[in-house]
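The structure appears right after this line, and notes come after that.
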Amino acid sequence: ILNVEQSPQSLHVQEGDSTNFTCSFPSSNFYALHWYRWETAKSPEALFVMTLNGDEKKKGRISATLNTKEGYSYLYIKGSQPEDSATYLCAFPDYGGSQGNLIFGKGTKLSVKP
Amino acid sequence: EPEVTQTPSHQVTQMGQEVILRCVPISNHLYFYWYRQILGQKVEFLVSFYNNEISEKSEIFDDQFSVERPDGSNFTLKIRSTKLEDSAMYFCASSEAQTGALGYGYTFGSGTRLTVV
Numbered sequence: 007i008l009n010v011e012q013s014p015q016s017l018h019v020q021e022g023d024s025t026n027f028t029c030s031f032p033s034s035n036f037y038a039l040h041w042y043r044w045e046t047a048k049s050p051e052a053l054f055v056m057t058l059n060g061d062e063k064k065k066g067r068i069s070a071t072l073n074t075k076e077g078y079s080y081l082y083i084k085g086s087q088p089e090d091s092a093t094y095l096c097a098f099p100d101y102g103g104s105q106g107n108l109i110f111g112k113g114t115k116l117s118v119k120p
Numbered sequence: 038e039p040e041v042t043q044t045p046s047h048q049v050t051q052m053g054q055e056v057i058l059r060c061v062p063i064s065n066h067l068y069f070y071w072y073r074q075i076l077g078q079k080v081e082f083l084v085s086f087y088n089n090e091i092s093e094k095s096e097i098f099d100d101q102f103s104v105e106r107p108d109g110s111n112f113t114l115k116i117r118s119t120k121l122e123d124s125a126m127y128f129c130a131s132s133e134a135q136t137g138a139l140g141y142g143y144t145f146g147s148g149t150r151l152t153v154v
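Going down the list, the protein sequences come from chains A and Y. Note that our numbering has the first sequence beginning at 7, numbered continuously upward. Note that our numbering has the second sequence beginning at 38, numbered continuously upward.
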């Protein structure tokens, strides 16, 4: 059974702090890794879909890196703002089936204090 | 920006009753999914749907569950004879193409919180 682990489970930072968290996934049979941001009472929103080892993607103050050989991805937030408060989910396609349905980690809940 | 719409946002039902959760996926998307998250646990895959039929389903998706795309726009999840352990947030999602190597993310709805009492 594929397992996706995220750490830490929760994080409390002050506005302006930079922060990062980790997603670990199986390193064999890699196809892609997804990052989603999920704000309370809203839809999970796709941040990045990463497919290449060494890839780095950026969206504003948020960036992510990918190491497929060792099976981890980091998500970085530079200069955190209160609006960054959300749960950040990573997900890995399960190619045991044919459609690669996503296996999710438990998420990292980020709280940014003003 | 196109959205996936889910109704209702909250549903409370008595154990043993049937519920239908509704979703309107993005119109040009071809792949549709239901996921759920029991409080405090991971988001779990239930079922995927393509070309008007189920393409994958998880162990959770037993005979109690069914999905339908009755009119080409709505995508519904029916839970027959609900149990207490069915209480969860149910998410609908859609995508243009298969996930994974093609690099397509999902567009999620905002979920239906189902409470079985």
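Quick reminder that beta carbons are idealized off the backbone N, C-alpha and C, glycines included. No experiment lies behind these values; they were computed from the predicted model shown.
Any beta carbon of chain A sitting closer than 7 Å to that of residue i?
{"i": "Y:GLU93", "result": "yes"}
{"i": "Y:VAL80", "result": "yes"}
{"i": "Y:SER124", "result": "no"}
{"i": "Y:PHE112", "result": "no"}
{"i": "Y:SER85", "result": "yes"}
{"i": "Y:ALA138", "result": "Summary for Y:ALA138: the model assigns pLDDT 47, below 50, so the residue's position carries little reliability; its value from the coordinates is reported in the next sentence. For Y:ALA138, the answer is yes, since a Cβ of chain A falls inside 7 Å of its Cβ."}
{"i": "Y:SER64", "result": "no"}
{"i": "Y:GLY146", "result": "yes"}
Which same chain residues, not among the five before or five after residue i, have their C-beta less than 6 Å away from its C-beta?
{"i": "Y:PRO62", "result": "VAL41, PHE69, PHE112 and SER131"}
{"i": "A:THR74", "result": "PHE36 and ASN59"}
Could you tell me which chain A residues have their CB closer than 8 Å to the CB of residue i, listed as they occur along the chain?
{"i": "Y:TYR127", "result": "Those do not exist, as Y:TYR127 stays about 13 Å from chain A at its closest Cβ, beyond 8 Å."}
{"i": "Y:PHE98", "result": "Those do not exist, as Y:PHE98 stays about 11 Å from chain A at its closest Cβ, beyond 8 Å."}
{"i": "Y:VAL49", "result": "Ordered by position in chain A, no residue passes the 8 Å Cβ test against Y:VAL49, which lies about 17 Å from the chain."}
{"i": "Y:VAL41", "result": "SER49"}
Does residue i come out as helix, strand or coil in the three-state DSSP assignment?
{"i": "Y:GLU38", "result": "coil"}
{"i": "A:PRO99", "result": "strand"}
{"i": "Y:LEU151", "result": "strand"}
{"i": "A:ASN26", "result": "strand"}
{"i": "Y:GLU122", "result": "helix"}
{"i": "A:GLU89", "result": "helix"}
{"i": "Y:ASN89", "result": "coil"}
Quick one: which chain Y residues come within Cβ less than 9 Å of residue i?
{"i": "A:PHE27", "result": "Near A:PHE27 there are no residues of chain Y at all, since even the closest Cβ is about 16 Å away, more than 9 Å."}
Determine the chain Y residues that contact residue i at a beta-carbon separation under 7 Å, and present them in chain order.
{"i": "A:SER18", "result": "With the sequence shown as reference, residue 18 of chain A is identified as His, and Ser is not the correct amino acid for it. Ordered by position in chain Y, no residue passes the 7 Å Cβ test against A:HIS18, which lies about 19 Å from the chain."}
By the criterion of Cβ-Cβ separation under 9 Å, what are the contact partners of residue i in chain A?
{"i": "Y:VAL104", "result": "Within chain A, no residue comes near Y:VAL104; the closest Cβ sits about 14 Å away, beyond 9 Å."}
Report the neighbours of residue i on chain B: residues whose CB is nearer than 9 Å to its CB, in chain order.
{"i": "Y:PHE69", "result": "Of the chains in the structure shown, none is chain B; the protein chains are A and Y."}
Who does residue i pair with in a DSSP beta bridge?
{"i": "A:VAL118", "result": "A:VAL19"}
{"i": "Y:THR144", "result": "Y:SER131"}
For chain Y, find out if any of its Cβ atoms is closer than 7 Å to the Cβ of residue i; answer yes or no.
{"i": "A:ALA52", "result": "yes"}
{"i": "A:SER49", "result": "yes"}
{"i": "A:LYS112", "result": "yes"}
{"i": "A:ASN35", "result": "no"}
{"i": "A:ASN73", "result": "no"}
{"i": "A:ASN9", "result": "no"}
{"i": "A:ASN107", "result": "yes"}
{"i": "A:TYR55", "result": "The amino acid occupying residue 55 of chain A in the given sequence is Val; Tyr does not appear at that position. Judged by the 7 Å Cβ criterion, A:VAL55 is in contact with chain Y."}
Only counting the same chain, and skipping five residues up and downstream in sequence, which positions put a Cβ closer than 7 Å to that of residue i?
{"i": "A:GLU11", "result": "SER30 and GLY111"}
{"i": "A:VAL118", "result": "VAL19, GLU21, SER86, GLN87, PRO88, ASP90 and SER91"}
Closer than 8 Å by beta-carbon distance: list the chain Y residues that pair up with residue i, in chain order.
{"i": "A:LEU95", "result": "VAL80"}
Starting from the C-beta of residue i, find all residues in its chain whose C-beta is less than 8 Å away, skip the five residues before and the five after it, and write them out in chain order.
{"i": "A:LEU108", "result": "HIS40, ALA97, PHE98, PRO99 and ASP100"}
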